[in-house]
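For reference, the structure is listed below as structure tokens.
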Amino acid sequence: ATVAVQEAGAGARGAPRPLSFRGAPGAELPAGAQAYSDPLDFDVPADANLLVSFHLPGPVVAAPVHSQAVQRSYVSGPGDHTADGSPAAYTSTITSWPLLTGVDVGGGPGSVVLLGDSITDGVKSTQDANRRWPNVLATRLLNQSAVPAYGVLNQGISANRVVADRYPGDGVSTDTGGVSALHRLDRDVLAQTSARTVVVFEGINDVRWGASADQVIAGLREIADRARARGLRTVAATITPCEGESLCTATANRQREAVNAYLRTSDDFDAVLDFDAVLRDPAHPARMLPAYDSGDHLHPGDTGLAALADSVDLRLLVP
151 ATVAVQEAGA GARGAPRPLS FRGAPGAELP AGAQAYSDPL DFDVPADANL
201 LVSFHLPGPV VAAPVHSQAV QRSYVSGPGD HTADGSPAAY TSTITSWPLL
251 TGVDVGGGPG SVVLLGDSIT DGVKSTQDAN RRWPNVLATR LLNQSAVPAY
301 GVLNQGISAN RVVADRYPGD GVSTDTGGVS ALHRLDRDVL AQTSARTVVV
351 FEGINDVRWG ASADQVIAGL REIADRARAR GLRTVAATIT PCEGESLCTA
401 TANRQREAVN AYLRTSDDFD AVLDFDAVLR DPAHPARMLP AYDSGDHLHP
451 GDTGLAALAD SVDLRLLVP
């Protein structure tokens, strides 16, 4: 495996740097396991894309994958091309992120972790443009000095829910919605290096698929309690409107509104971001403002995602 800063497409800025695993050039991962590469002295420019390249010497029947990358990954022909900095070696693309689950970058003041679903994942944002709301928030944090310039860890998974698992947690599945926010909290938030704050923006998929407001509230309260017990600042975001999408029934909307009423009045979280108020149509609050709607009535487009990020009072992210 290698890492390089992306110049453009599959082209690297400089020669790719080899990664090692306990001193070895590669690693064999048992099913369900994770491997961390050895620390590497490698400068990562702010707001840059990285090219992380893998060589798989044999067929891989089932691999972990982040299905909604909203970004292209580049696939080479046969052979080990991890050291190739030229795009010529890569002959096709996919729009998912296989195998890689994260990159730890040292030297900053800490990170804010965004625990979310497809809206945080950036579904319906422009491909290869980094216009997800976490990207816009990261740029805002980078370009100011009023609060610590935290890094932003995007832990959004499309189709994810607060209380119900999509992936059963063991074995091979084609469902990429992951285990619930409750069940992935330790891995995706509490175990993250230098995490200072968690922002929880989930619940729409729970109520769309029949969960009650009480179930979602209980799950959110548990997330807040567990994160606070580990010393993190806890922030929640209200659930955004989605009338017009097939599963956003009147019943689902009532449950959504009940969860939002709890978030606005409870002190279970240290702060609340009112994303519902940001995206809703003032003339019809159950639906998204058309200017923010990507067209499916559930996911905001680029303009709506930017509005979410721009609405965040950065002081609320600081312990």
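Quick note, in the working numbering, the sequence shown goes up one by one and the last residue is 469.
For each residue, glycine too, the CB sits at the ideal point set by N, CA and C.
All figures in this text were calculated on a predicted structure; none of them were measured in a lab.
Check                                                                                                                                                                                        : Outcome
With a 10 Å radius around its C-beta and 16 neighbouring C-beta atoms as the bar for buried, classify Ile269 as buried or exposed.                                                           : buried
Starting from Glu407, trace the alpha helix (DSSP H) both ways and give me its first and last residue.                                                                                       : 400 to 415
So does Tyr186 have its beta carbon nearer than 7 Å to some heavy atom of the ligand ATP?                                                                                                    : The ligand ATP is absent from the structure shown, which contains no ligands of any kind.
Return the chain-ordered list of same chain residues with a C-beta closer than 8 Å to the C-beta of Asp452, the five sequence neighbours on each side being excluded.                        : Ser275, Thr276, Ala279, Arg281
Please name the residue in Ala408, Cys398, Ala433 whose C-alpha comes closest to that of Asp446.                                                                                             : Cys398
Taking the alpha carbon of Leu287 as the point to measure from, which residue in Val263, Leu206, Gly381, Leu340 has its own alpha carbon closest?                                            : Val263
Would you report the Cα separation of Asn403 and Ala158, rounded to the nearest angstrom?                                                                                                    : 43 Å
Can you confirm whether the segment 248 to 268 touches the segment 346 to 356 when touching is taken to mean that 3 or more C-beta pairs between the two stretches lie within less than 8 Å? : yes
Ignore the nearest five residues each way along the sequence and tell me which others in Pro237's own chain have a CB closer than 7 Å to its CB.                                             : Gly159, Ala160, Gly161
Go to Ala421, then tell me how far its beta strand (DSSP E) extends in each direction, as first and last residue.                                                                            : 421 to 423
Asn280 bridges to which residues according to DSSP?                                                                                                                                          : In the DSSP output, where bridge partners are listed per residue, Asn280 has none listed.
Are the beta-carbon atoms of Ala165 and Phe171 separated by less than 8 Å?                                                                                                                   : no
Counting only the same chain and skipping the five closest in sequence on each side, list residues whose C-beta sits under 6 Å from that of Gly369.                                          : Val312, Val313, Leu332
Just checking my contact of Val255 with Val202 at CB under 8 Å: how many whole Å lie between their CB atoms?                                                                                 : Going by Cβ atoms, the distance from Val255 to Val202 rounds to 13 Å, so no, they are not a contact pair.
Pull up the distance between the alpha-carbon of Gly360 and that of Leu190, whole angstroms please.                                                                                          : 46 Å
Which residues mark the beginning and the end of the alpha helix (DSSP H) in which His333 is found?                                                                                          : 331 to 335
Of all the options Ala183, Gly306, Val409, Leu382, which has the alpha carbon lying nearest to the alpha carbon of Thr99?                                                                    : In this structure the chain extends from 151 to 469, so residue 99 is not present and cannot be described.
Asn285: buried (16+ other C-beta within 10 angstroms of its C-beta) or exposed?                                                                                                              : buried
Which value, in whole angstroms, describes the spacing of the CA atoms of Val322 and Gln294?                                                                                                 : 44 Å
Cα separation between Tyr240 and Pro175?                                                                                                                                                     : 21 Å
Buried or exposed: Ala377, going by 16 or more other Cβ atoms within 10 Å of its Cβ?                                                                                                         : buried
Which of helix, strand or coil does DSSP assign to Ser115?                                                                                                                                   : The question about residue 115 has no answer, for the chain in this structure spans 151 to 469.
For Arg337 and Thr390, what's the separation of their Cα atoms in angstroms?                                                                                                                 : 26 Å
If we ignore side chains and look at the alpha-carbon of each, how far apart do Asp460 and Arg290 end up?                                                                                    : 8 Å
Pull up the CB-CB distance for Gly327 and Ser344, whole angstroms please, since I reckon it's below 8 Å.                                                                                     : Not really, about 28 Å apart at Cβ, beyond 8 Å.
Short check: CB of Ala374 to CB of Asp418, under 8 Å?                                                                                                                                        : yes
In chain order, which continuous runs of the beta strand (DSSP E) of length 3 or greater are located wholly inside the segment 174 to 232?                                                   : 200 to 203, 223 to 226
Pro440 by DSSP, collapsed to three states: which one?                                                                                                                                        : coil
Can you tell me the Cα-Cα spacing of Glu395 and Arg437, whole angstroms?                                                                                                                     : 9 Å
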